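Residue numbers (this note's numbering): 305 to 391. Note that beta-carbon positions come from the ideal geometry of N, C-alpha and C, so glycine has one too. Remember, it's a predicted structure, so these values are computed and weren't measured experimentally.
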């Protein structure tokens, strides 16, 4: 996988949903990018100890059973640069 990448998808969330946006290893939970919402704040996991909470200027909740377009961008340095990623 390249150091810098962008992933785009459509996702439908309901209460308690946690699933990988995508995974890039066969038969394994890691490495993968998981998106989870806690108190309307998205959290991206890229491994057991590599995660980031995103701060939102406006409270947003996509836990409504509707489809939403999501774009996750990692600018470089792969997992080491998760702090610079955008959602």
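Residues near residue i in its chain [Cβ-Cβ closer than 7 Å; skip 5 each side]
i           : result
residue 373 : 314
residue 309 : 378
Status (buried if at least 16 other CB within 10 Å, exposed otherwise) for residue i
i           : result
residue 376 : buried
Residues that residue i bridges to, as DSSP identifies them
i           : result
residue 378 : 309
residue 390 : 377
residue 357 : 347
Whole-number beta carbon distance between residue j and residue i, since they are thought to touch under 8 Å
i           : j           : result
residue 389 : residue 348 : 7 Å
Close Cβ partners of residue i (< 6 Å) along its chain, the five nearest in sequence each way excluded
i           : result
residue 318 : 369
residue 366 : 317 and 372
residue 312 : 375
residue 391 : 346, 358 and 376
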